[in-house]
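Q: So the sequences go chain by chain: A and B.
So the first sequence is residues 2 to 160, counted in this note's numbering.
So the second sequence is residues 2 to 160, counted in this note's numbering.
Before I ask anything, here is the structure I am working with.
There are 2 protein chains.
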Amino acid sequence: MTRTRLATSDDAEIVASMLHDFNVEFDTPTPGVEFLVGRCRTLLDAGDMTVVLGGDALRQAQDPPLGLGVLRFWPALWSDGFVAYLEELYVVPDRRDQGIGGAIMATAMDLARSLGGVEMYIGVDEPDVDTRRFYERLGFRNHDPDDPSARMFFYEREL
Amino acid sequence: MTRTRLATSDDAEIVASMLHDFNVEFDTPTPGVEFLVGRCRTLLDAGDMTVVLGGDALRQAQDPPLGLGVLRFWPALWSDGFVAYLEELYVVPDRRDQGIGGAIMATAMDLARSLGGVEMYIGVDEPDVDTRRFYERLGFRNHDPDDPSARMFFYEREL
């Protein structure tokens, strides 16, 4: 039975460690655990980032989290309330496909709703078919609801 | 010659009016000008939204803006600095393709850099080919730099 809880800055080390492992696994540059520990502590302390942890027990500090979801919130333009952006979602490799990601997402969406969230955004790469299917099962769409051929692209550039 | 400046909450009415016209033109639901005036004033006053205005002169309060870019900033996770999200970009219909959008984007990117911005994100619909080409000319990509077939999708759901 997966449990979830919100991370505090006391969790900065395990959060940083999982984020680092995530990028190493997917051949994405990582600034390293040491940098990430400090960065996560700063962002968690400031309330600039919300991290949902998921794991088997998580009732005591020593129960290790087995996955995380990183969320950002900003006040919506088109309505009162907030937009939630799911920046990262990670589960340790040997515990995937066991409901941990789903439990983290359920908590993330409940939390977002409780904060007045009206929409949640996620960027997903086209080849990540399993990940896309996972989000689609949760009700996320990458196309205009009236036109499945009108997909929404995520553009980015370094500044 | 297009000039740009940052909106203050004194510009809430013109910002709201352009945003409303934007959604009406593209058959997107709009909460109406009256709501948007209040919302824009709140977000601009709080610093929760940055709006770049573009127009012919913009030296005096009565010079009308002819377009706008709406930006959100949040502190980056993977580095020091900020991520910038371009939420909306609009130019009044009879003044399109005259460099106003490009001037707004140049100011937006300069501003983001000056604030320590490391990346800028934009969501764009697949059928908006002209808009996509516009962002691509500005250096934005919707695919993995090493693999043009690996496009990045923007997923969303209401909460």
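Just so you know, even glycine gets a beta-carbon here, dropped at the ideal spot from N, CA and C.
1) Can you give me, in chain order, the residues of the stretch 47-81 of chain A that have a beta carbon less than 7 Å from any beta carbon in chain B?
2) How would you list, in chain order, the residues of chain A whose beta-carbon sits under 8 Å from the beta-carbon of residue 32 of chain B?
3) Beta-carbon of residue 154 of chain B versus every beta-carbon of chain A: anything under 8 Å?
4) When DSSP builds the beta bridges, which residues end up paired with residue 85 of chain A?
5) Could you tell me the distance, in whole angstroms, from the CA atom of residue 89 of chain A to the CA atom of residue 72 of chain A?
6) Hey, is residue 13 of chain B's beta-carbon within less than 8 Å of any beta-carbon in chain A?
7) By a C-beta neighbour count over all protein chains shown, 10 Å radius and 16 as the cutoff for buried, is residue 14 of chain A buried or exposed?
8) Could you work out which residues of chain A lie near residue 112 of chain B, taking near to mean beta carbons separated by less than 7 Å?
9) Who are the neighbours of residue 151 of chain B on chain A, taking C-beta pairs under 7 Å?
10) Quick one: is residue 146 of chain A buried, meaning 16 or more other Cβ sit within 10 Å of its Cβ, or exposed?
11) Please report the distance separating the alpha-carbon of residue 47 of chain A from that of residue 10 of chain A.
12) Please confirm if residue 102 of chain A has its CB atom under 8 Å from at least one CB of chain B.
13) At which residues does the beta strand (DSSP E) containing residue 154 of chain A begin and terminate?
14) Could you tell me which chain A residues have their CB closer than 7 Å to the CB of residue 123 of chain B, listed as they occur along the chain?
15) At least one CB of chain B closer than 8 Å to the CB of residue 98 of chain A: is that the case?
16) For a contact meaning CB atoms closer than 8 Å, what does residue 141 of chain A contact in chain B?
17) In or out: residue 33 of chain B buried (at least 16 other Cβ within 10 Å) or exposed?
18) Can you tell me whether DSSP reads residue 142 of chain A as helix, strand or coil?
19) Do three or more CB pairs link the stretch 112-124 of chain A to the stretch 152-159 of chain B at distances below 8 Å?
20) Verify the CB distance criterion: does residue 136 of chain B have a CB-CB separation below 8 Å to chain A?
21) Going by beta-carbon coordinates alone, are residue 77 of chain B and residue 25 of chain B separated by less than 8 Å?
22) Quick check on residue 126 of chain A: does DSSP put it in helix, strand or coil?
23) Would you mind sorting residue 12 of chain B into buried or exposed? The rule is 16 or more other CB atoms within 10 Å of its CB.
A: Judging by the given coordinates:
1) Answer set for the stretch 47-81 of chain A: 49, 50, 71, 73, 75, 76, 78, 79 and 80.
2) Start at 1 with the first residue of the second sequence, and residue 32 of chain B comes out as number 31. Ordered by position in chain A, the residues that pass the 8 Å Cβ test against residue 32 of chain B are 79 and 80.
3) The residue you call residue 154 of chain B lines up with position 153 of the second sequence. Residue-level contact by beta carbon holds for residue 154 of chain B and chain A, with a gap shorter than 8 Å.
4) On the first sequence, position 84 is the one that residue 85 of chain A refers to. According to DSSP, residue 85 of chain A bridges with A/74 and A/121.
5) Reading the first sequence from its first residue, position 88 is the one you call residue 89 of chain A. Reading the first sequence from its first residue, position 71 is the one you call residue 72 of chain A. So the alpha carbons of these two residues sit roughly 7 Å apart.
6) The residue given as residue 13 of chain B occupies position 12 in the second sequence. Closer than 8 Å: no.
7) For the purposes of this step, residue 14 of chain A is taken as residue 13 along the first sequence, with counting starting at 1. When all chains shown are included, residue 14 of chain A counts as exposed.
8) As a first step, residue 112 of chain B must be located in the second sequence, where it is residue number 111. At a C-beta separation below 7 Å, residue 112 of chain B has no neighbours in chain A, since its nearest C-beta there lies roughly 10 Å away.
9) As a first step, residue 151 of chain B is located in the second sequence; it is residue number 150 there, counting from the start. Below the 7 Å Cβ cutoff, chain A contributes 126, 127 and 128 as neighbours of residue 151 of chain B, in chain order.
10) Position 145 of the first sequence, counting from 1, holds the residue named residue 146 of chain A. So residue 146 of chain A counts as exposed.
11) The residue labelled residue 47 of chain A in the question sits at position 46 within the first sequence. The residue labelled residue 10 of chain A in the question sits at position 9 within the first sequence. The alpha-carbon atoms of residue 47 of chain A and residue 10 of chain A are separated by roughly 9 Å.
12) Walking along the first sequence from the start, residue 102 of chain A turns up at place 101. Residue-level contact by beta carbon fails for residue 102 of chain A and chain B, as no gap is shorter than 8 Å.
13) Taking the first sequence and counting its residues from 1, the one referred to as residue 154 of chain A is at position 153. Element bounds for residue 154 of chain A: 148-159.
14) Translated into positions along the second sequence, residue 123 of chain B becomes position 122. Those within 7 Å of residue 123 of chain B in chain A are 156.
15) Position 97 of the first sequence, counting from 1, holds the residue named residue 98 of chain A. No, residue 98 of chain A lies away from the interface with chain B (no Cβ there is under 8 Å from its Cβ).
16) Walking along the first sequence from the start, residue 141 of chain A turns up at place 140. Per Cβ cutoff of 8 Å: 156, 157 and 158.
17) Position 32 of the second sequence, counted from the first residue, corresponds to residue 33 of chain B. Under the 10 Å beta carbon count, residue 33 of chain B is surrounded by fewer than 16 other beta carbons and is classified as exposed.
18) Numbered from its first residue, the first sequence carries residue 142 of chain A at position 141. For residue 142 of chain A, the secondary structure class from DSSP, reduced to helix, strand or coil, is strand.
19) Taking 8 Å as the limit for Cβ pairs, the verdict is that the stretch 152-159 of chain B does touch the stretch 112-124 of chain A.
20) For the purposes of this step, residue 136 of chain B is taken as residue 135 along the second sequence, with counting starting at 1. Cβ-Cβ to chain A under 8 Å: yes for residue 136 of chain B.
21) Within the second sequence, numbered from 1, the residue matching residue 77 of chain B stands at position 76. Within the second sequence, numbered from 1, the residue matching residue 25 of chain B stands at position 24. For the 8 Å CB-CB criterion, residue 77 of chain B and residue 25 of chain B do not form a contact.
22) For the purposes of this step, residue 126 of chain A is identified with residue 125 of the first sequence, where counting begins at 1. Note: residue 126 of chain A maps to strand in three-state DSSP.
23) Here residue 12 of chain B corresponds to residue number 11 of the second sequence, with the count starting at 1. That one is buried.
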